[in-house]
Structures are given as C-alpha cells and as structure tokens.
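J.:
Residue numbers (the numbering used here): 8 to 594.
(1) Out of curiosity, what's the CA-to-CA distance linking residue 4 and residue 292?
(2) Decide yes or no for the touch test of the stretch 167-177 against the stretch 414-434: beta carbon pairs closer than 8 Å, at least 3 of them.
(3) Since residue 284 and residue 314 are thought to touch, with beta carbons under 8 Å apart, how far apart are those beta carbons, to the nearest angstrom?
(4) Is the separation between the beta-carbon of residue 299 and that of residue 332 shorter than 9 Å?
(5) Please classify residue 365 as buried or exposed, where buried requires at least 16 neighbouring CB atoms within 10 angstroms.
(6) Using DSSP bridges, identify the partner residues of residue 358.
(7) Quick one: is residue 419 buried, meaning 16 or more other Cβ sit within 10 Å of its Cβ, or exposed?
(8) Which complete alpha helix (DSSP H) runs does the stretch 295-381 hold, if anything under 4 residues is left out?
(9) What number of angstroms, rounded off, separates the C-alpha of residue 593 from the C-alpha of residue 10?
(10) Just to confirm before moving on: does the CB-CB distance between residue 197 and residue 206 stay below 9 Å?
(11) What span of residues does the alpha helix (DSSP H) with residue 274 cover, start to end?
(12) Checking the sheet assignment: what are the DSSP bridge partners for residue 56?
(13) Work out the CA separation of residue 131 and residue 77 for me, nearest whole Å.
(14) Between which two residues does the alpha helix (DSSP H) containing residue 440 stretch?
(15) Return the residue from the list 511, 22 and 30 that minimises the CA-CA distance to residue 273.
(16) Using 8 Å for Cβ pairs, my map puts residue 296 next to residue 257. What's the rounded Cβ distance?
(17) For the stretch 105-157, list the beta strand (DSSP E) runs that are entirely contained and at least 3 residues long, ordered along the chain.
(18) For residue 156, is the classification buried or exposed, using 16 other Cβ atoms within 10 angstroms of its Cβ as the cut-off for buried?
(19) Could you say which of 455, 18, 497 and 442 lies nearest to residue 382 if we only look at CA atoms?
(20) Quick check on the DSSP output: the alpha helix (DSSP H) that includes residue 37 runs from which residue to which?
(21) Since residue 478 is in the beta strand (DSSP E), which residue starts that stretch and which ends it?
(22) Please state whether the Cβ-Cβ distance between residue 253 and residue 344 is less than 9 Å.
(23) In this structure, how does DSSP classify residue 209 when only helix, strand and coil are distinguished?
(24) Tell whether a beta-carbon distance below 9 Å holds between residue 259 and residue 352.
(25) If you drop the 5 nearest sequence neighbours on each side, which residues of the same chain put their C-beta closer than 7 Å to that of residue 356?
(26) Would you list the one or two residues that DSSP bridges to residue 74?
(27) How about the stretch 367-386 and the stretch 481-495: do they share at least three Cβ pairs that are nearer than 8 Å?
(28) Skipping 5 residues on each side, what residues in its chain have a beta carbon closer than 6 Å to that of residue 425?
(29) Which residues mark the beginning and the end of the alpha helix (DSSP H) in which residue 397 is found?
(30) Look up residue 536 in the DSSP assignment and say whether it is helix, strand or coil.
(31) Following the continuous alpha helix (DSSP H) through residue 240, name the residue where it begins and the one where it ends.
(32) Which value, in whole angstroms, describes the spacing of the CA atoms of residue 150 and residue 580?
(33) Just list the residues that DSSP pairs residue 199 with in beta bridges.
(34) Are the stretch 183-197 and the stretch 445-452 touching, with three or more C-beta to C-beta distances below 8 Å?
(35) Taking the CB atoms as reference points, tell me whether residue 411 and residue 372 lie closer together than 9 Å.
(36) Taking a contact to mean a Cβ-Cβ separation below 9 Å, would you say residue 268 touches residue 506 in this structure?
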C-alpha cells in the first residue's frame, strides 16, 4: 500500500548553463537525489521522494509540475489530466484558484518561458527556502541541501541563531539560520521571473473578519469536527505496516493521539518518551505513561532521561543538518532508527493553541467582557484571579506593552548588538500586534511560531522518515480560527479536546491536570571534554565568553552553547563535503 506522496526538492536558477551542468553532475554523483530534471531554460531541479509514496508521473512533468506534498489531495484517481491542468492554471493565476484546491499542497510550477511559481502549503509540512543573488536563485525544501549544493559558502545569520538559542522556533521577518536565505510563509506563493526577480503574495488566510458568539451547538459541532480531523489525518499519515513513532510526553495531547492511533484505529505505534532522571517527578511521569502502555499494545518503547548530560550526548549523535534541530526526540532519531524501522514521526505540537490552554488566555481576555467575567462564577478558566489577570492584560495593552509569545531577552552570552537588533524587531512586532484589529490576534501570533514543523521535517526526512503534525494542518488551523476562546477554556483548559475525545481516551490521561513538566537536571560537570566553540561562534557569542571559560556560565547556558556548537559543526561538515565533491580545497 502506497502512502501519501512526499518529496524533497532542490531547484536552481542560473543564467550560465555550464554552472548548472556542474551542479547537476555533482548532485548525480552524490546519490542524494533520485532524479534531476531540466523543466525550463535556466532551471535545474533535483528531487527525491520519501519512501512509501509513488513519484510524480510523466504527465506532471509535461505540465511543468513537481510536488513536495499534497499531490494526492489535489489530483485524484479520476479525471487525472483535467485535474493536473487545473493545478497548473491555479498556480499561474494564484489567489482564489489556489484557495479552491483541497487540503494541503506544496509544489513548483515551471512555465516554458522560465517563469516559475512556488506554492507552500497552508499547514506548511514541507517548507520552502529561497536564496537569491542577482539573476541566480535557489529553492529547497531543506536548508541542508542549500549548504551542500550551492557553489558558495552561505554565512550564518547571527540574529536567527541567537533567537533559537533562546528556545523559540521563530524566523524573524522570514530570515533563517543562513544569510540571504528566507523561508516562504505558509499559505503563500513565490513568483520567480525568467530573469530571476522574486515576488511573494498570500493565497490563504484562515482568520475570520468577525468572531461568532459561542453556542452549545457550535461547540458540539467544533468538537465533532476536531475528532473527525484527527482521525482522518492519522488514517492518512500513519503507516499500516508499523514504524509509527509517537513523541509521547504523557500530557493530554500526545496521550490523546496514542489512544486514537493505537486504540480507536488499531494502528501499530511505538513510543518515545523523555523522562525526569529520578524522584517523585519520574514516578508521576511513568504512572501516566504506564496507564497507556497497559491498555494499548505499543510495538516498542524508547525512554531517554532528560539530564543535560544526556542532551549533550544526543547532540553529538544527532542528525547532521543545517538546522537547530535540538529537540531531544529529533536528536535521538538516528539512534532509534538504527535499532528498528521508523517510517512516521508524529506528535501533539500546537494542540495547546487549538484545544485551549494558557496560550488561549490573551484572546480570551480580548474577546470576553468584564461584565461577562463578573457573572461567570465557577466557569472561569483558572479561577477568581482571572478577573485580576483580565484587568492587567487590558492595562498592558492600553500602555502599549502587551506580553507577546516571544523571548523577552536573548541568552546572557549573546553579543549586545544582537540583543539590540532583537529588541528593535520585537518593538516592530509589538506595534503590528497592537494595530491588528482582526479577531484572535494572539492565536495568529502563536501560529507564526511554525518553524517547529520545519525542524521536524529537516531532521526526519534526512533519514527517510515522514512527519505528521495532526494539530497543525490547513483544516485544523481553519477550525482553530473558527472557535471562540470561551469554547476552549473556562472552566479549566482543553475543553475542545475533552469534549471531542471523552469516549476515546482513558479518563485519567484525558483529564490530567498538570502538563507533565519537571525541573531540569542542571549538572554538566561530568561532560568531557569541555566545550570548544568554533570561530564562527564569534558572530553570535560575546567575546568574553569565547576567550574565557564557558564553565563560568550557568549549566543551562553552557548547554545552549553545545547546541550552537552542534549546529556550526554540522554546517562546517556539509561545506567540507561540498568542497570535496567539487574537488576544491578548504579555505
């Protein structure tokens, strides 16, 4: 049985045919891509499908189309030729025609003139990165492939690297870890002219112009819709032959996916859990995991103690990608996939925002009047103190100082000029938020923190592993923006999820009150050898931390430097591989 088609793409635009010939020869020699294609003058495309899905057929090439995701959604089995032409016309016209296509889809459309359209899906499962220099351009679904195959070194962007070291999946102003490389936003298209000029525009926006008043009927419909969407996504994405690895934290969201996938649907699921090192936190965590393991026949289970020492060990083993793929589950993928087949990686990311949590409170404050709060009684999300929180939130907004879901400060070791640059960006973003009059502005802000999807794709697809993010699809985002915050929180949180799955998930897991977090073990004293930062770190790290001993930092900050070191080492390794393949000496 074939799975939904997914693929990685690398497309290069260059006015010099000999330059494209050289890159094509290098790509073919690397064996990293299944095929190359010359779709139009000045263009070279390399692509490789992920295992389990059928590649595009010749009829797609004849129409100038190459898909990264969603081909099966927009082109059905019947009336295939007509559907292909419809997709091509939609890409050429953009806007409403693309919006009318079903589901999530990401592809490139090449016209005989050399003009090209890049379409990124609304859920953004497969990212598109864009590099541009005069008449030359490149588009890739992985940053790693740009570093590997562009003929010149791409310098790092210090600000973006510093923001990610602060622990936030954020690409400020579409900038990425590499200078001159931007990410195409979800639900956007990029037009590249035959001369290499770039323009972008939006084709999809899930935000409503007004927010409908919550009713019991709408709440019931939304709960039914949530359950249906989760089941349909899992049915489509998970492999019937097993190898489905769930990142199971033991919290409500991932536990719900475990119950749906392994219980309701009977899928073959393995679990990856991160646990406290010892003590009461460990016992409590294992209690909730064991409640699921005793009920559902998980194929295999991998457990990693989350000490800082273990995180450093995983960083040294993790996938070598040009990305801050620092989530321990992603770092553990090479070790796990060497022990057993892993075909699909899935998890509960963004469920807090969709189903109701502390992340919903800013929109709840904005869309709930004080009189309604005063008569709410026991239906407040967190209790009577919500009245004070409501007042404080409105006071901060009136003062022009709303709290945004971005880091207030960058790590202590970051260069002062980067901290100042970040503060200027944060001020601009704050001003945009204050001027946003459309409903659910805070949910829109949270959804901007979508590079966690790209992080999963970069690390997993390198190993031939598919990614599924059931709470972050086009349909799920449209549902999220259709819900009033009072449907999600009050009393308590996760109201939408609990209403949708109260018959599917064990009561103790579905109604768990804590989030399953625990204090981090902050002891790096046994890590040997001490961290040594490469020269490129000087663009991010203040000189006194480079010249002195990183051990003078707190252990958590020292751990962040290990993350930076791992990223820079991966980029340097990819550059060295490229030079070696091109017969160049390192410089």
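For every residue, glycine included, the Cβ atom is placed at its ideal position computed from N, Cα and C. Predicted model only: the values in this text are computed from it and were never measured.
T.: For this structure:
(1) Within the shown structure, residues of the chain are numbered from 8 to 594, placing residue 4 beyond reach of any answer.
(2) The stretch 167-177 makes contact with the stretch 414-434, as at least three CB pairs between them are under 8 Å.
(3) The beta-carbon distance between residue 284 and residue 314, rounded to whole angstroms, is 5 Å. This is short enough to meet the 8 Å contact definition.
(4) No, the Cβ-Cβ distance between residue 299 and residue 332 is not below 9 Å.
(5) When all chains shown are included, residue 365 counts as exposed.
(6) None; residue 358 has no bridge partner.
(7) Classification of residue 419: exposed, given that the 10 Å Cβ count is below 16.
(8) Complete alpha helix (DSSP H) runs here, min 4: 315-324, 335-338, 340-344, 358-362, 368-373 and 377-381.
(9) Interpretation of residue 593 is limited by its pLDDT of 39, a score under 50 that renders its predicted location unreliable; the figure taken from the coordinates is listed afterwards. Distance between the alpha carbons of residue 593 and residue 10 is about 42 Å.
(10) Taking 9 Å as the Cβ cut-off, residue 197 and residue 206 qualify as a contacting pair.
(11) Annotation: residue 274 is outside any alpha helix (DSSP H) and is labelled neither H nor E by DSSP.
(12) Looking at the DSSP output, residue 56 shares a beta bridge with 14.
(13) Computed Cα separation, rounded: 11 Å.
(14) Per DSSP, residue 440 belongs to the alpha helix (DSSP H) from 423-441.
(15) The option with the nearest alpha carbon to residue 273 is 511.
(16) With a Cβ gap of about 5 Å, residue 296 and residue 257 count as contacting.
(17) Counting only runs of 3 or more residues that sit fully inside the stretch 105-157, the beta strand (DSSP E) segments are 113-117, 123-126, 136-140 and 143-147, in chain order.
(18) Counting the other CB atoms within 10 Å of its CB gives residue 156 a total of 16 or more, which places it among the buried residues.
(19) Taking the Cα of residue 382 as reference, the smallest distance to any Cα among 455, 18, 497 and 442 is reached at 497.
(20) Run containing residue 37: 24-37, per the alpha helix (DSSP H) assignment.
(21) Segment: none, residue 478 is in no beta strand (DSSP E) and carries neither H nor E.
(22) No, Cβ-Cβ distance for residue 253 and residue 344 is not below 9 Å.
(23) Residue 209: strand per DSSP, three-state reduction.
(24) Taking 9 Å as the Cβ cut-off, residue 259 and residue 352 do not qualify as a contacting pair.
(25) Once the five neighbours on either side are set aside, the close Cβ partners of residue 356 are 459, 476, 478 and 479.
(26) Per DSSP, the beta-bridge partners of residue 74 are 114.
(27) Touching, yes, given that three or more Cβ pairs across the two stretches are closer than 8 Å.
(28) Result list for residue 425: 165, 166 and 169, in chain order.
(29) 392-405 is the extent of the alpha helix (DSSP H) around residue 397.
(30) Confidence at residue 536 is low in this model, with a pLDDT of 48, below 50, so its placement is unreliable and the value that follows should be read with caution. Looking at residue 536 - three-state DSSP - the assignment turns out to be coil, as it is neither helix nor strand.
(31) According to the DSSP assignment, residue 240 belongs to the alpha helix (DSSP H) that extends over 223-244.
(32) Whole-angstrom Cα-Cα distance: 14 Å.
(33) In the DSSP assignment, residue 199 is bridged to 123 and 205.
(34) Here the stretch 183-197 makes no contact with the stretch 445-452; the two share fewer than three CB pairs at distances below 8 Å.
(35) Their beta carbons are not under 9 Å apart, which means residue 411 does not touch residue 372 by this criterion.
(36) At least 9 Å separates the beta-carbon of residue 268 from that of residue 506.
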